């Protein structure tokens, strides 16, 4: 999981400072890494903004992206943060449901704490010990989230919602059947919520979904739920 990878990378980094170069692909961890990763990922949002304006002549009504550590979501959202007409939705892994305790929804169901060198929303107990996270998607199976997402939650600029394992799997199958595109299970969480959100908008409105990866890597997982 992402938590295990971060644990091992940081442990090696602080143990062998003369020969280890720490590289991270998500917006969590100590400063300046979250800012650096967001900057590199923000090309996603800049290109999406340019392309949607060229295609439709207007900004989209909403943007959606899955949130584990949160890099693909911040990459998409960053170029639109000052565009108040654009609603932003970060979709967390609801796992088997929030009431089950088996989920990875740190923003929706967590509380502030410190992990991996940053203060953010975490899944933790009353003693500050990190609780297990769960998601059908390994990329969302993380008990925390990047600190900028915590700020965006508290400021109200981004709405954070959850999608269950089953809903994500249903969205995976739907896109595969309808479009011939095999989405990553991470991205399938955003797809599932987009289908619900679209019912609130007119057919002429546009919604941008960050399809952040292919699902070839997830086929065995999907088969296990068949």
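Numbering (this note's numbering), first residue to last: 294 to 519.
The C-beta atom is built at its ideal place from N, Cα and C for all residues, glycine as well.
Since the model is a prediction, treat every value here as computed from it, not as a measurement.
Taking the C-beta atoms as reference points, residue 396 is found nearer than 8 Å to residue 427. As computed with DSSP, residue 413 is found in a beta bridge with 406.
Excluding the 5 residues flanking it on each side, residue 491 has same chain C-beta neighbours closer than 7 Å at 500, in chain order. The residue from 418, 408 and 363 with its alpha-carbon nearest to that of residue 332 is 363. Contact annotation, residue 432 with residue 479: C-beta distance approximately 4 Å; criterion of less than 8 Å satisfied.
Counting the other CB atoms within 10 Å of its CB gives residue 458 a total of 16 or more, which places it among the buried residues.
Within the model, the alpha-carbon separation for residue 475 versus residue 511 is close to 9 Å. Secondary structure note for residue 472: its alpha helix (DSSP H) is the uninterrupted segment 458–472. Between residue 400 and residue 453, the gap from beta carbon to beta carbon is short of 8 Å. When Cβ pairs closer than 8 Å are counted between the two stretches, the stretch 403–410 is seen not to touch the stretch 354–372, the count staying below three. Between residue 461 and residue 430 a beta carbon distance of about 7 Å is seen, short of the 8 Å cut, so the two are scored as contacting. The criterion of a C-beta distance shorter than 8 Å is not satisfied by residue 386 and residue 355. Here DSSP, grouped into helix, strand and coil, assigns residue 385 to strand. Counting only the Cα atoms, residue 463 lies some 29 Å from residue 349. In the DSSP assignment, residue 502 falls within the unbroken beta strand (DSSP E) covering 500–502. Residue 452 is bridged by DSSP to 382. By the CB criterion at 8 Å, residue 391 and residue 294 fall outside the cutoff. Counting the other Cβ atoms within 10 Å of the Cβ of residue 403 gives 16 or more, which makes it buried.
The closest CA to that of residue 353, considering only 315, 377 and 519, is found on 377. Closest option to residue 486, judged by alpha-carbon separation, among 508, 504, 442 and 419: 504. Annotation: residue 298 to residue 342 spans about 32 Å, alpha carbon to alpha carbon.
Remark: C-beta atoms of residue 437 and residue 366 do not approach each other more closely than 8 Å. Residue 440 sits in a helix when the DSSP states are folded into three classes.
The beta carbon of residue 508 is closer than 7 Å to those of 465, 475, 476, 477 and 478 in its chain, skipping five residues each way along the sequence.
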